[in-house]
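Chains as they are written, first to last, in this note's numbering: chain W, 71 to 416; chain A, 71 to 416; chain G, 71 to 416; chain F, 71 to 416.
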């Protein structure tokens, strides 16, 4: 059994790791930490776990905890992760970090978009960007994996096949993304107050969301060209799920059938990417509760634009499911282990 | 024009007062106060009001503000109201208080259920309980009206006709009530966090909610007997509305038709109580956005129990609409003035 | 008093007309028709109206009904309107048609996108497109007004100022629109089944929605150039409201301040368009229940794109409120009559 | 491997069986039937299943299908089940029927409440009521299991310990139950139309719901007394889950601690019943997506009433999960096989 620890276990991503790992036959949760709920059982914080996981939340104590495990998930806010990850790496445990702290190959871009100094820049080069569909071999060898952001996972998987082939104009990309409210975390605020969210819909951080830079980095890596794109996130009155509607100008003549074949081929070895048939578009509910990314492709003949619809569950493929997929790869397990279930219906 | 001030204008009940008064042809809002948003326009806090009400939120300054108005609504938390109401009364303005502070004729019962000392007990006898359907004449003469709680409005209107007639066993009453989330106010908390409320349902304060005592006081007043009842509030994943399902044992033989006639007669002069025909039950959406209380009556022959379904919009008939109804009565206006509109469909 | 009839009164747009007209001091509803609920009171179909409007729904009988009224609203499905409108016009009553049947100046474009023959093409030239912010003088003189579609209202108001000025590349426009479920009407279907909509989000009719052609016609009229654009509608798990996120490439240098001033000037005489200040974006809830269209403007310096956020209530400014605004103009009343209220909060 | 067939696989209970059985290591789905989707893959009807279960939906053909399987789930409407179950039993396969057709020991009570003749009354005596917590040994030996209704599961598990002990007055029981919308099935109707359900709440079939009789039968079986109770179902704007609030008069002095111990003892061998500690009440979200029934106990000292809160996922413990629990018992497997997972968080 692989022994795992979860630092930051009571946020939504942390709790989702706990929940998903209870289905994983090769991993045992050895410890959980939580600042807000130290000393309480995780099943007191989330009674859904009662009788299934009744571990007590510990305080962070890297030195002592590192000895007990093979791998640690850090599910901490951006900027906080980099205060614990270096010590974990030094102690010889593998780390999968769910924050943005190690996702960038350029320290400057990180510091510009996250508005803070990077305090463990020595690890930037060692960290592997944990998007298994693009980076599988590096992840297998990694000691530190930077788990991708939720929006970047959705957008990058949608665009990778055509960007790599040079089929779209890299300056024409527009990503109009819509997320459920769990993306904003568990901390109460006016923005996530039920009476302010229900029966409404809004865009936020228009032209300014950090994930813009993460998506641009991913696509530039595939195209070997600089990519400057528009990314607009929106808040949907639902709990889970992201749908990205993506627009890009085609650079050459291609028909729908060819495009769909390109996608099918690109993802033919990937268990968690599903391509819809022509004229079928995926909906959020078709991935809610699962680790899939479903993609629909539409060639708009009137405008010559490619329109891609991409859906994921933000807490699974967009966070904790993908982290377990990375654990599987880092641990030489079947990539699907513990993740091989359908989403919830309805 | 009647000049009105609103103290605590940026909470949901305060904002609803502002919104509703913009439809009132005889009232002008003279000032608004808000602790959290002093100096900001109400239309910055609630952009829905832009171009309609652009008053700035002031700090509370009773001495100066009392001079500018005929009447003041105090939409403050329980316990805070009683720190401003006495000064307003002394300054000679009429007051409609939306908190629980002046709803009780017994200081002891207030102090037991609200767990705090009453600091202006001299006003208890002067305050009139502002349920127009039961108390119209007293309200017309009142200088201080205690606006009823939302649950008590729903439950009292549902039970008044049969309790007054002695048709139900006063010890058998069970009120199973369900409220939308605005009942919990605008302050963010885990309990009202979108991701914790959506797709769930819960009971809270089972056997312990303060409104129990307010309902008991109302019914005891009608029956001249002590009433001890069960009241269980629940949280519904919707913004507005209360539905109360009420059970009581009948004390004598009566049929459905007679019961409905009793209700129709009891409320025949009341513009905001609507009785459904036999076998029809009201739903929350039929009153959302309006000042109505709709009632459905069911005689369960198998058990000999009376079942009453009562619906209101908690922010209107359960708070701000009722407060305006009280203002109309206190100001010798048509009781329906500014309130004579249908709820939103759908 | 103006006497009005509503044909198709029990669909959502029809019921919204009924509800809103109860607030209108110069209009009296003379008759309502409904195929599905003939003989029933509108207040039996919608108990929210009980005691406010208790008219019975009649069968359609144009000859007899036309004599009783000055103006008729036809709230019928596309294709059905054109079977009753000609007779109404012939009988000398004014008509405001809420369907798509008379919105197009080109019969061919209508027939291409609506996939049916136009059966009263003689009225196409007489019909005036009822978007008051662009067409006020023609509406005042019109005998037949074609009330705009909900999405086209939202998108056209958002783009008119910059399209008219030639500030955006007319081939670069992308409209990513999101609507509440009432846009799909009252007829039950799997697509609007609660358990299929809640906690999900989807795009539909990608690249193929009829409103594409209506928006293109509107913008072409403003720019005197052909406009081919991308329009993608989405379904949001909420009842009311549309938010359109609109992207367009700027054709010349301009800054945020200048853009906002352009919008403010363009709409300076318009009571129902509100422009947000720099860096503020409107949310759906800020217009729900009102006749406003609120607009936010963002200049994305990184990409040189203009991003516009536009919100309306689809049943009010997107349908029945706008129809009443048209009635006011056609009847020489204050444009705001009966519509001068704030949306619901929260 | 046990080979199973599902008749009626595309309704919500049928689809939930498919989804849950993909997690079951000892069962293989051999065939699915669907009248509405014959010839289509289940993964076309529910794309969430794509790549996981791609079986085609067959027409019903009992003779041929019975040969291929060990056990069949019938997830058909009431009244339809009894037209296929007898032939399945005759063919020697075990049957778990999710309809109400075989739940009653009294043919008369069934026919009174379901308003139809029972057409295979010879099986009534052979059928075992499939509530494992009460009936485990009979289920193990059964050839035909009648899977309980969703509301009866929730209410019976809540009341069984105190009814069996005679601690509550059997004529005083009131069950105020609230269900998510999936309880109404997948067929669209006005009652389940998104725009009619969202932001509303209603009671339905007050005093008349069929499940009343099923609960009464269950409790009478435990107490050896006739039980006549009030049962009021309500519709909550959420997809899954039932919460029942249950009131009953105590017949003897007992304290909270003793009550909770009674429940803990009663369910000590039951893996899917969880008792909350004193003063803690379960919420729907704590069981959504799981097979648990969670119970909270409150002794209301003021009224001498016992209040019980019971929550289940109506599609799992209230239908398909319980059916699989029954399959496990009938097949001599671990009762928890394939069901041993936590619900979804959040």
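Ideal placement from N, C-alpha and C gives every residue a C-beta, glycine not left out.
Look at the region 271 to 298 of chain W: the residues with a C-beta under 7 Å from a C-beta of chain G are 271, 272, 273, 276, 277, 298. Annotation: the continuous alpha helix (DSSP H) that includes residue 202 of chain F extends over 202 to 211. Put simply, the CB of residue 260 of chain F is near chain G, with a gap under 7 Å to one of its CB atoms.
Comparing alpha carbon positions, the residue from G:379, G:324, G:184 closest to residue 371 of chain G is G:324. The DSSP-derived three-state label of residue 406 of chain F is coil.
Shortest Cα-Cα distance from residue 287 of chain G to any of G:307, G:201, G:308, G:320 involves G:201.
One finds nothing in chain A with a Cβ atom closer than 7 Å to the Cβ of residue 403 of chain G; even the nearest lies about 18 Å away. Taking the beta carbon of residue 377 of chain A as reference, the chain F residues within 8 Å of it are 276, 277, 300, 302, listed in sequence order. Runs of the beta strand (DSSP E) lying entirely within the region 153 to 184 of chain W and spanning at least 3 residues, in chain order: 164 to 167. Think of a sphere of 8 Å around the beta carbon of residue 265 of chain F: the chain A residues whose beta carbon falls inside it are 416, in chain order.
Residue 309 of chain G is a Cβ neighbour of residue 268 of chain F, given a cutoff of 7 Å. Nearest in C-alpha terms to residue 307 of chain G, of all of G:251, G:275, G:299, is G:251. When only Cα atoms are considered, residue 284 of chain G and residue 173 of chain G end up about 7 Å apart. Excluding its 5 nearest sequence neighbours in each direction, residue 262 of chain F has C-beta neighbours in its own chain below 7 Å: 251, 254, listed in chain order.
Residue contact with chain W for residue 233 of chain A: absent (no Cβ-Cβ distance below 7 Å to any residue of chain W). Taking 7 Å as the cut-off, the beta carbon of residue 382 of chain F is found no closer than this to the beta carbon of residue 351 of chain F. Measuring C-alpha to C-alpha distances from residue 354 of chain F to each of A:353, A:377, A:305, A:366 identifies A:305 as the nearest.
Contact of residue 357 of chain G with chain W is not assigned, every C-beta pair being separated by 7 Å or more.
Counting only runs that start and end inside the region 333 to 399 of chain W, there is no alpha helix (DSSP H) element of at least 4 residues. Here residue 249 of chain F is buried. Its C-beta has 16 or more other C-beta atoms within 10 Å.
The C-beta of residue 349 of chain W has fewer than 16 other C-beta atoms within 10 Å across all chains shown, which makes the residue exposed. Along the region 307 to 328 of chain A, the positions whose C-beta sits under 9 Å from a C-beta of chain G are 309, 310, read in chain order. DSSP links residue 321 of chain G through a beta bridge to no other residue. Annotation: Cβ neighbours of residue 122 of chain G in chain A (cutoff 7 Å, chain order): 412. Inside the region 243 to 268 of chain W, DSSP marks whole beta strand (DSSP E) runs of 3 or more residues at positions 244 to 249, from first to last along the chain. Taking C-alpha positions only, residue 207 of chain G is separated from residue 199 of chain G by approximately 11 Å. Interface criterion met: the Cβ of residue 268 of chain A is under 7 Å from a Cβ in chain W. Contacts between residue 93 of chain G and chain A, judged by CB atoms closer than 7 Å, involve 411 in chain order. The DSSP-derived three-state label of residue 75 of chain W is strand. Taking a Cβ-Cβ cut-off of 8 Å, the neighbours of residue 368 of chain A in chain F comprise 276, 277, given in sequence order. Going by DSSP, residue 304 of chain F is part of the beta strand (DSSP E) stretching over 300 to 305. Rounded to the nearest angstrom, the Cβ distance from residue 203 of chain A to residue 227 of chain A is 6 Å, consistent with a contact under 8 Å.
By the 16-neighbour rule on beta-carbons within 10 angstroms, residue 239 of chain W is exposed.
Ranked by how close their Cα comes to the Cα of residue 193 of chain F, the residues F:356, F:158, F:79, F:224 have F:158 in first place.
Proximity to residue 256 of chain W across W:312, W:214, W:97, W:385 peaks at W:385, based on C-alpha coordinates. Annotated as distal: residue 102 of chain A and residue 119 of chain A, with beta-carbon spacing of 7 Å or more.
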